[in-house]
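*Asks:* For the sequence shown, position 45 matches number 1153 in the numbering used here, and the numbering has no gaps at all. Structure provided below as structure tokens; questions to follow.
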Amino acid sequence: MEDIVSEMCSISDKVGDFSGFTPDKLLLETEKALSITELYDPHMKLIDLQDSKGETQNEEETMRTKLEGMESELSTLEKDVQRYQERQEKQERDLTQMFARRLSGSFVVFMFLESAGRRRSLLASPRRM
1109 MEDIVSEMCS ISDKVGDFSG FTPDKLLLET EKALSITELY DPHMKLIDLQ
1159 DSKGETQNEE ETMRTKLEGM ESELSTLEKD VQRYQERQEK QERDLTQMFA
1209 RRLSGSFVVF MFLESAGRRR SLLASPRRM
């Protein structure tokens, strides 16, 4: 008789527990209580897969955000590189022009001095040319 009363109390406790469950939890507990492993085990696997899918989606979103940030940074760096290269090219052009001006000025002075020297030498010895 005590076994029957104990079993009835156990059933009553379980029914009381079941009344507070959400529909999802109620389904799982029913599968577990009825020992329907061919339903419970795959159901648990589906729940785990769904949780895993949510984590994967969160990771994907995080990666997308990082990718967008990196692409933006890359774009900025590419613009910086382009400005740097343009500045370098301008400096090279300016240096080349400055060097050419100095060289042409030096060449004129050299030619003037050389021709003046020739004139002197021509005056000193007319045979020499």
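Built from N, CA and C at the ideal position, the CB exists for glycine as well. Fair warning: this is a prediction, and the values are worked out from it, not measured in the lab.
Can you tell me the Cα-Cα spacing of serine 1212 and glutamine 1193, whole angstroms?
*Replies:* Their Cα atoms are separated by approximately 28 Å.
*Asks:* Determine whether the beta carbon atoms of glutamate 1139 and histidine 1151 lie at a separation below 8 Å.
*Replies:* The answer is yes: Cβ separation under 8 Å.
*Asks:* Specify the secondary structure class of phenylalanine 1207 as computed by DSSP and reduced to three states.
*Replies:* Here phenylalanine 1207 sits in helix by DSSP.
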